[in-house]
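Comments concern the structure below.
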Amino acid sequence: MVNKISSEPVQYRKDGTVAVITINNPPVNALAKHVRMAIADYLEAAANDHLTLAVVICGNGRNLCGGADIREFNTPDRQVRPMTRDLMNLIEAMHIPVVAAIHGPTLGGGLELALGCHYRVAHRDARLGLPEVLRGVVPGAGGTQRLPRLVGFRTAVEMITSGTPVDGAKALEIGLVDQVTEDDDVCAEAIRYAEDLIAGAVGLRVVSEMTIDMDADTGAAVVAEMRAKLEKSARGMEAPFRCLESVANTLTMSFADGWAREAEISAEAVASVESRSLVHAFFAERQVSKIPDIPADTPRRSIERTAIVGAGTMGGGIAMSFANAGMPVTLIDSGKSALDRGIARIRDNYAATRDRGRLSAEDMDARMGLITGAVGIAAVADADLIIEAVFEEMDIKQSIFRELDGLARDGAILATNTSTLDVDAIAAVTGRPGDVLGLHFFSPANVMTLLEIVRAEKTEKDVIATVLDLAGRIGKTGVVVGVSDGFVGNRMLAPYFRQCDFLVEEGALPQDVDRVIEEFGFRMGPFRVSDMAGLDISWAIEKRRAETRPADERFSPLLERICEKGRFGQKTGAGWYRYEGRAAVPDPEVEVLIAARSDEMGLTRRDISDDEIRQRCIYQLINEGAKILEEGLAIRASDIDVVWLNGYGFPRRRGGPMFYADMVGLPEIVATMDRYHGEWGDKWEPAALLRELADAGSSFKDWDAGRTA
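Under our numbering, the sequence shown is numbered contiguously, ending at residue 811.
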């Protein structure tokens, strides 16, 4: 007979002599304060029931438990007892065995909950891990102390400092779980396991009482090895090193002392700017799909067949994105030779991934089988979505859209992959502007996760809703932006690069600017990025913009002069740098060009501090971002952060340019810009919104409040 006590968000029932505690707190069964309190109450109920001989803890829905409720970070609720770490102690102190039934993503505090149990049963496809490092924090409920005792010191260090999860099968292999099942009812399997424990009179296995598998000297060598790796892979980050310190304490401290020190390290991490930045990024990426004037129940159009016009590098990368998601796609070009080159390029890309062991031959064949080549634009006729990915020239794109208008079926979505051009002008040449939008993929399109979804003046709401869903299907982070030269990301990039050029004219060298920006946290500085992308592309954009540039606006001709020498960057072996293989080497020839430009301007070259370089580059991003918000081209400041985090390499530990502005303080940024305005003129005039928020003692976070449906 099954006896039940029901309550939300945790349920309690008896299955014979086994008490079953079920977490029922959708969507991820997070350990919010009311969940923790209920679990503690039911543990006490089981302990006081002499007819209960074992306990199983399981979860309803998609998983056992997703860990801490991230909404409680930096709030008093996080400290309400019992805290998650208190639950671990309550479980370990039970006089009867407690078994965790693990399915789905059981991460962070969810895994720590399972580590506190005496035994663990997992579904083969479950995902188990401690990803706190990815949020800038440290496992704080005993994870850094229990995991190494259970799976071994080295394995625990690698899992905790990387945040990488393992599946159920791997968890069994490393000793993280005691049994793996393919039965979808993991709770039932765990009950059977508990009944076997009862029948066999098996004793309790308390993880905190287990010993480490490594002596202090050997462990110290592992710590040194891992620290050296982290200094390369986690440059500038704090959390991975905090995690390493906490795990290392298991070598020299008792469980009680290491557990107490873990709590201190965890509290320091939670309070850090790095953690606040990473948590902001986490929420911003979930908020970005919420469009105030597009209800969640807006009907979607069916996207089963996609056609891409243009088999070049970008078109091929987009085709791979669809094939990688298991979606068939037709790749179209005007000539067979161009199409064959495009298909061959895709095959070579997949082959390189296969040769690195990241893709099986079978998967490669399956993905190639989803890509169909076609010569001639008439092949778009049956497509639900058509993406134009040809050369960045307005006349060419408009010509293609005129053809698409006559060929595409009614209701098909027509998208341009332009990175800077006016989508309204492209839509205007069709008789169906409501079906037209921009889809700005970033290169390489099969790798980069950002997708700017450009909402033109007449784009229908269901088109935007459909494409936002599609972005997720193909592994992209879609951000809805408005029509502007460069949309959001590239528009902000223009004043950023402009300042880089000006800094070089005034006294810095490309390597100086790159070093400061890389120390700030970008993987590559602006001059190295330009060389990698190809200076000829930047030059073409500058030529187009020159037509509308005010005559009195300061402009640097350095890019043009470098390109006129045939130096287009890494692909030609020289650009802002000279290249030895892939290594960028400062080039005296470029320094001569720079010095000549300084002389031409009548400037005495000067030493420029790192602070000035950083401020002049990053504050221009912030100011342009504020203008974009004023003009309604981005819905939220946090959307701008998502663009820059996912498409332009802005350091995640700083949260994005607009969040970084809040951390610096808007009054300080405005004061600095006013000072530069006095020196350099109107391009340093703070945006009206930026000054308004600074004067009010407000922030971009405050401005965002209430802007999501």
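Just so you know, even glycine gets a beta-carbon here, dropped at the ideal spot from N, CA and C.
Using 8 Å as the threshold, is the C-beta distance between residue i and residue j below it?
i, j, result
"Gly275", "Pro241", "Note that residue 275 is Glu in the sequence shown, not Gly. Contact flag unset, no."
"Cys160", "Ala296", "no"
"Leu299", "Tyr221", "yes"
"Ala149", "His197", "yes"
"Gly211", "Leu278", "no"
"Phe544", "Asn519", "no"
"Thr124", "Asn162", "yes"
"Ile410", "Ala491", "yes"
"Gly577", "Ser423", "yes"
"Ser379", "Gly238", "yes"
"Leu595", "Gly588", "yes"
"Met328", "Glu376", "no"
"Gly168", "Val200", "no"
"Phe802", "Ala763", "yes"
"Leu346", "Leu332", "yes"
"Ala485", "Ala510", "yes"
"Val288", "Val381", "no"
"Trp641", "Leu661", "yes"
"Gly265", "Pro233", "yes"
So the candidates are the options; which of them puts its Cα closest to the Cα of residue i?
i, options, result
"Asp701", "Tyr679, Glu666, Ala427 and Glu607", "Glu607"
"Asp286", "Cys665, Asn165 and Ala301", "Asn165"
"Ala301", "Val349, Gly118 and Gly588", "Gly118"
"Asp450", "Gly418, Glu347, Val585 and Val431", "Gly418"
"Val120", "Lys645, Asn131, Gln113 and Val158", "Val158"
"Asp689", "Lys673, Lys272, Arg669 and Gly704", "Arg669"
"Asn748", "Val390, Ala318, Arg115 and Thr352", "Val390"
"Gly444", "Gly475, Ala427, Met429 and Ala463", "Gly475"
"Phe384", "Asp171, Thr532, Arg115 and Met496", "Asp171"
"Ala142", "Arg183, Gly169, Asn131 and Gly168", "Arg183"
"Ala558", "Ile566, Gly767 and Ser310", "Ile566"
"Phe493", "Arg407, Ile643, Leu236 and Val482", "Ile643"
"Lys392", "Arg738, Asp151 and Thr320", "Arg738"
"Cys219", "Pro267, Ile262, Thr246 and Leu306", "Leu306"
"Ala610", "Ala697, Val631, Arg447 and Gln113", "Ala697"
Please classify residue i as buried or exposed, where buried requires at least 16 neighbouring CB atoms within 10 angstroms.
i, result
"Asn105", "Summary for Asn105: the model assigns pLDDT 41, below 50, so the residue's position carries little reliability; its value from the coordinates is reported in the next sentence. Asn105 is exposed by the Cβ-count criterion."
"Asn548", "buried"
"Lys499", "buried"
"Thr706", "exposed"
"Pro250", "buried"
"Met703", "exposed"
"Asp743", "buried"
"Arg187", "buried"
"Arg248", "buried"
"His205", "buried"
"Met190", "buried"
"Val694", "exposed"
"Arg755", "buried"
"Glu364", "buried"
"Asp319", "exposed"
"Ala811", "Unreliable placement is indicated for Ala811, whose pLDDT of 45 sits below 50; no coordinate value is reported for it."
"Ala454", "exposed"
"Leu523", "buried"
"Arg630", "buried"
Quick one: what's got a C-beta closer than 8 Å to residue i's C-beta in the same chain, skipping five residues either side?
i, result
"Val477", "Ile434, Asp435, Ser436, Gly437, Lys438 and Leu441"
"Pro628", "Tyr598, Phe599, Cys602, Val615, Asp616, Ile619 and Cys719"
"Asp359", "Asn351"
"Phe255", "Ile314, Asp315, Met316, Gly321, Val324, Val349, Thr352 and Leu353"
If you drop the 5 nearest sequence neighbours on each side, which residues of the same chain put their C-beta closer than 6 Å to that of residue i?
i, result
"Glu787", "His779"
"Cys430", "What sits at residue 430 in the sequence shown is Pro, not Cys. Contacts found: Leu472."
"Met103", "Unreliable placement is indicated for Met103, whose pLDDT of 29 sits below 50; no coordinate value is reported for it."
"Ala676", "Arg669"
"Trp746", "Phe752, Gly758 and Pro759"
Residues in the same chain with beta-carbon distance under 7 Å from residue i, minus the five sequence neighbours each way, listed in chain order, please.
i, result
"Met775", "Tyr721, Asn725, Trp786 and Pro788"
"Arg469", "Ala425, Asn426 and Tyr452"
"Lys560", "Ala529, Pro535 and Gly536"
"Leu723", "Met594, Tyr598 and Pro759"
Mind checking which residues open and close the alpha helix (DSSP H) that includes residue i?
i, result
"Gly244", "Premise fails: Gly244 is in no alpha helix (DSSP H) and is neither H nor E."
"Tyr598", "Gly591 to Glu608"
"Lys438", "Lys438 to Asp457"
"Cys289", "Val288 to Gly302"
"Glu370", "Phe357 to Val372"
Would you mind reading off the limits of the beta strand (DSSP E) that contains residue i?
i, result
"Glu554", "Leu552 to Val556"
"Tyr721", "Unbroken run through Tyr721 is the alpha helix (DSSP H), Asp712 to Glu732; no beta strand (DSSP E)."
"Asp435", "Val431 to Asp435"
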